[in-house]
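Peer 1:
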Amino acid sequence: MSKQSLENNGGFVEHGLETDDCSIGEILRKRGVSRRDFLKFCSAVTAAMALPASFAPRVAQALDEVKRPTLVWLEMQSCTGDSEALLRSANPTVAEIILDILSVDYHETIMAAAGHQAEEALDKTIAAFKGKYICVIEGSISMKDDGVYGSTGGKSHLERARQVCGGAVATIAVGTCASFGGIPAAVPNPTGAVGVMEAVPGATVINLPGCPVNADNLTATIVHYLVFGKIPALDAHGRPLFAYGKRIHDNCERRPHFDAGQYVEHWGDEGHRKGFCLYKMGCKGPATFHNCPTQRYNDKTSWPIGSGHPCAGCSEPNFWDTMSPMYKRLPHVPGFGIEATADKIGLGLVVGAAAAFAVHGALNAIRKDKEPGNETKEG
Amino acid sequence: MPNQPKFKRYIWELPVRWCHWINMVSIVILAVTGFLIGSPYSIGSSASAYAMGWIRFVHFTAAYLFTVSLVSRVIWSLIGNEYAGWRAFFPFFTAKGRDKMVKMTRYYLLIDKQVPETIGHNPLATTAYTTLFVIYILMILTGFALYAQHAPQGIMHKSLGFMYSMFSAQGMRLAHHFSMYLIFGFVVNHIYSAWLMDIKEHGSEISSMFSGYKFTVKKED
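From first to last, the protein sequence lines stand for chains A and B.
Just so we're aligned, residue 1 is where the first sequence starts under the numbering used here, counting upward by one.
Just so we're aligned, residue 380 is where the second sequence starts under the numbering used here, counting upward by one.
#1: Go through its chain and collect everything with a Cβ distance to residue 309 of chain A's Cβ below 8 Å, but skip five positions before and after it.
#2: Please confirm if residue 322 of chain A has its CB atom under 8 Å from at least one CB of chain B.
#3: Beta-carbon separation of residue 268 of chain A and residue 560 of chain B under 8 Å?
#4: Measure the alpha-carbon distance for residue 478 of chain B versus residue 568 of chain B and round it to whole angstroms.
#5: Along the chain, where does the alpha helix (DSSP H) containing residue 84 of chain A start, and where does it finish?
#6: Does any residue of chain A have a CB that is nearer than 8 Å to the CB of residue 569 of chain B?
#7: Can you pull the chain B neighbours of residue 333 of chain A, defined as C-beta to C-beta under 9 Å?
#8: Using the C-alpha atoms, what's the distance from residue 105 of chain A back to residue 68 of chain A?
#9: Please return the same chain residues whose Cβ sits closer than 6 Å to the Cβ of residue 411 of chain B, not counting the five positions on each side in sequence.
#10: So what's residue 10 of chain A in DSSP terms, helix, strand or just coil?
#11: Helix, strand or coil for residue 395 of chain B, going by three-state DSSP, please let me know.
#12: Any beta carbon from chain A within less than 8 Å of residue 504 of chain B's own beta carbon?
#13: Buried or exposed for residue 555 of chain B, going by 16 or more other Cβ atoms inside 10 Å?
#14: If you reduce the DSSP assignment to three classes, tell me which class residue 426 of chain B lands in.
#15: Looking at chain A, which residues of the segment 474-502 of chain B have a Cβ within less than 7 Å of any of its Cβ atoms?
#16: DSSP on residue 247 of chain A, reduced to helix/strand/coil?
#17: Mind listing the chain A neighbours of residue 430 of chain B? Cutoff is C-beta to C-beta under 7 Å, in chain order.
#18: Just to confirm before moving on: does the CB-CB distance between residue 254 of chain A and residue 305 of chain A stay below 8 Å?
#19: Kindly say whether residue 387 of chain B, judged by its beta-carbon, lies nearer than 8 Å to any beta-carbon of chain A.
#20: Is there a Cβ from chain B that is less than 8 Å from the Cβ of residue 256 of chain A?
#21: Between the alpha carbons of residue 312 of chain A and residue 251 of chain A, how many angstroms are there, rounded?
#22: Tell me whether residue 23 of chain A sits in a helix, a strand or coil according to DSSP, three-state version.
#23: Looking at residue 150 of chain A and residue 159 of chain A, is the spacing between their C-beta atoms short of 8 Å?
#24: Would you check if the distance between the CB atom of residue 236 of chain A and the CB atom of residue 540 of chain B is smaller than 8 Å?
#25: Is the separation between the beta-carbon of residue 140 of chain A and that of residue 177 of chain A shorter than 8 Å?
#26: Output, in sequence order along the chain, the residues in the segment 528-547 of chain B whose CB is closer than 8 Å to any CB in chain A.
#27: Return the bridge partner residues of residue 277 of chain A from the DSSP annotation.
#28: Any C-beta of chain A within less than 8 Å: which residues of the segment 407-423 of chain B qualify?
#29: When we look at the beta-carbon of residue 214 of chain A and count the other beta-carbons within 10 Å, is it buried (16 or more) or exposed?
#30: Is the distance from the Cβ of residue 520 of chain B to the Cβ of residue 558 of chain B below 8 Å?
#31: Identify which residue in A/276, A/272, A/328 has its Cα closest to the Cα of residue 284 of chain A.
#32: Residue 226 of chain A and residue 63 of chain A: beta carbons closer than 8 Å?
#33: At what residues does the alpha helix (DSSP H) containing residue 353 of chain A begin and finish?
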C-alpha cells in the first residue's frame, strides 16, 4: 500500500497537472496489462452497465482511444468505507483503476502528499482542468452553523464541495452519506448533514448510494462517461438506472421462497439454514433499489441476503430513519413510544370502538325514544 | 302515531347497492390477504409452491375491483338520484345539513330523545363516509405506489411519482397497514349504526341496502 501510494504520489506530483497524451489503452499496455485481461474487464463493466454483451467491443474500442480523465476524491463526514470498497475492489484491481485508468490527483486517504502541498495541488488541479475533471465525493456535508462541524485544510466541507464540484464536469457521490446524508443525517442530525445534491444544488451529481458503494458501479459509471461522453440515465433520486433501476426483491435469489411461502422465522432455524426468504426477519429488499443481487460485492463473492442477513435498505434516501427497525417489517408508529406498533394501536382502536358502541347500544336499549312530530318528520 | 301507514320509496339505486356490496366484499378480501402479506405464515411446502404468489394475486385483483367500484361510485354521484349525489356527502355546506347534523349528534350523545329521521343518508353518516373516502384514496394511492415498484419507470410507477417524492416506501407500508385498522373502526361503527337506525327509524334501514326501498310516512313526490 505504501509503495503504491508513493508511486501514486510520484505520478500525482509529476504528471498530475500535465496533459497526458496517452490513451487508456496505451497506458494499460505500458503497465503490462494483457489484452485478455483488458477485454475481460470490458466485458465485466459492460455487464455492470446493464448493456448487452455485444457492447463489450465498443467499450474496449472507446477505452482504447479515450484519454484518461482527471479525478479528485474528496472525503467529507464519512467512515472511509467507500474508499475501502474501492481499494478492495477486485475488478479492476487497485493498481489498474488508480494508476492506470484514472488519474487520481487528489485522494486524502491514499495520497502521500500532506498539508499545504496537497491543498496546493488540489487548487492547481481544479484550476488547470476546470470543466474537465471528475469529482468523487465520499461522506455527507455538514450545513449547520455554516458547516463548522467538518473541515479539511482549514476550509469547511461545504466550501470545498462548492468550489470543487462547481468546476467539475460531473460529481459522483459515492456511498449513502454523500448521496443522501446517510448515517450522519439520521435523526437528530446534529451537524445538519446533507448529500452533495442538496449542498451544491447547481452541480451535476450522480448518486451511487450503498453502504459502502459497490466499486463495480463506480467503475461502470466512469466507464460509461468515457465511452458515451455523457452521464448515464438517472432515476428520480439521481441514481444510474443501470445499477438502481430494479428492486432487490425482484432480482433476489431467494425470491422463489418468498412466492412459495417459505420464510425464516427465527435466526438459525431450519428455514434460515436452508436459505429461505428473509422477509419476516425485516428484509427491506421490497423497498430498495440496487443491483446487489446481480452485481454482488467483493469480486461477486456474496452480498447481505446471500449470506443470510436481511437487506437493510442502505441505498435508499434517509435509510437509517425510514428503514428501521432493521429486523421488523414495519416502522414503529411515531409519537406512540418506541415499541408501539401499528398492530397494537390499531387493535386498541377497534376494540375501543366496539366497546364504546356496545355501551351505547345498551344505553339505547333501556331508554325510550320519542316519536318525531309531523313538523320535524322528514320521512 | 304508531298506526300511521308508511309508503314504499325507492332510495338506493342499483349502482349504489352494487358498489356498496362490492366494496364490502373487496375490503374483506383485501384485509384478509393484506394481513397475510404483512405477516405471512410459512405455508409453502416446497420452493415450487406459490402460496404467497396466489395471496398477492388475489390482493391485487381485489384492489383493482375495489378501485373500479370506487371510481364508479364517484361517477354515479354525478348522475344518480339526490340520495346518491355528491351534495349529500358535504352536509356542512347547507344550513339544513348543519342543523340535521347537530340533531343527529345530540341524539347519538343521548341528549335528545327524538329520532331525527332522514330519508337518504343522515348528515353525520355522510361526514363519516367522506372521511372514509379519504382513507380509501390513501389506501389506493399507497397500495398502487407500493405495487408499481415491481415495474420501475413503467406508466403506473411514473404517474405515482408524486407519492415517492412525498413518502418513503416504508412510510407508505405503515400508512397502508394502519389505515386498515381505521377502516375496521369504521366498519364497527357502520354496522352498529345501521342496526340502531333500523330499530329506531322503523324504515327498513338494513334491508334497504339489498332492496333499495325504504318505508316513509311521506309519499314519494
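Just so it is clear, CB atoms sit at the ideal spot from N, CA and C, and this is done for glycine as well.
Peer 2: Based on what the coordinates show:
#1: Excluding sequence neighbours, residue 309 of chain A sits near 278.
#2: Answer yes: the Cβ-Cβ gap between residue 322 of chain A and chain B drops below 8 Å somewhere.
#3: With respect to the 8 Å criterion, residue 268 of chain A and residue 560 of chain B are not classified as neighbours on the basis of their beta carbons.
#4: Here the alpha carbons of residue 568 of chain B and residue 478 of chain B stand approximately 22 Å from one another.
#5: Per DSSP, residue 84 of chain A belongs to the alpha helix (DSSP H) from 81-87.
#6: Not closer than 8 Å to any Cβ of chain A, the Cβ of residue 569 of chain B fails to qualify, so no.
#7: Within chain B, the residues near residue 333 of chain A are 553, 557.
#8: Each residue's CA atom was taken as its position, placing residue 68 of chain A and residue 105 of chain A some 12 Å apart.
#9: Sequence-distant partners of residue 411 of chain B (beyond 5 residues in either direction) whose C-beta falls short of 6 Å from its own C-beta are missing from its chain.
#10: Annotation note: pLDDT 34 at residue 10 of chain A (below 50); position unreliable, coordinate value reported separately. Three-state result, residue 10 of chain A: helix.
#11: Here DSSP, grouped into helix, strand and coil, assigns residue 395 of chain B to helix.
#12: Not closer than 8 Å to any Cβ of chain A, the Cβ of residue 504 of chain B fails to qualify, so no.
#13: Buried, since its Cβ has 16 or more Cβ neighbours within 10 Å.
#14: DSSP places residue 426 of chain B in coil when its eight states are reduced to three.
#15: Per Cβ criterion, the list reads 489, 492, 493, 494, 496, 497, 498.
#16: Assignment of residue 247 of chain A by DSSP, reduced to helix, strand and coil, places it in the strand class.
#17: Simply 260, 261.
#18: A distance below 8 Å separates the beta carbons of residue 254 of chain A and residue 305 of chain A.
#19: For residue 387 of chain B, the answer is no, since every Cβ of chain A falls outside 8 Å of its Cβ.
#20: Using beta-carbon distances, residue 256 of chain A counts as an interface residue toward chain B, with a partner under 8 Å.
#21: Taking the straight line from one Cα to the other gives about 16 Å.
#22: If DSSP states are grouped into helix, strand and coil, residue 23 of chain A belongs with the strands.
#23: No, the Cβ-Cβ distance between residue 159 of chain A and residue 150 of chain A is not below 8 Å.
#24: Cβ atoms of residue 236 of chain A and residue 540 of chain B: closer than 8 Å.
#25: Taking 8 Å as the Cβ cut-off, residue 140 of chain A and residue 177 of chain A qualify as a contacting pair.
#26: From the segment 528-547 of chain B, only 528, 529, 531, 532, 540, 543, 544, 547 have a Cβ closer than 8 Å to chain A.
#27: Residue 277 of chain A pairs with A/263.
#28: Correct list: 417, 418, 419, 420, 421, 422, 423.
#29: In this structure residue 214 of chain A is buried. Its beta-carbon is surrounded by 16 or more other beta-carbon atoms within 10 angstroms.
#30: It is not a contact, given that the beta carbons lie outside the stated cut-off.
#31: If you compare the alpha carbons of A/276, A/272, A/328 with that of residue 284 of chain A, the shortest gap goes to A/328.
#32: Taking 8 Å as the Cβ cut-off, residue 226 of chain A and residue 63 of chain A qualify as a contacting pair.
#33: Counting along the chain, the alpha helix (DSSP H) containing residue 353 of chain A begins and ends at 342-366.
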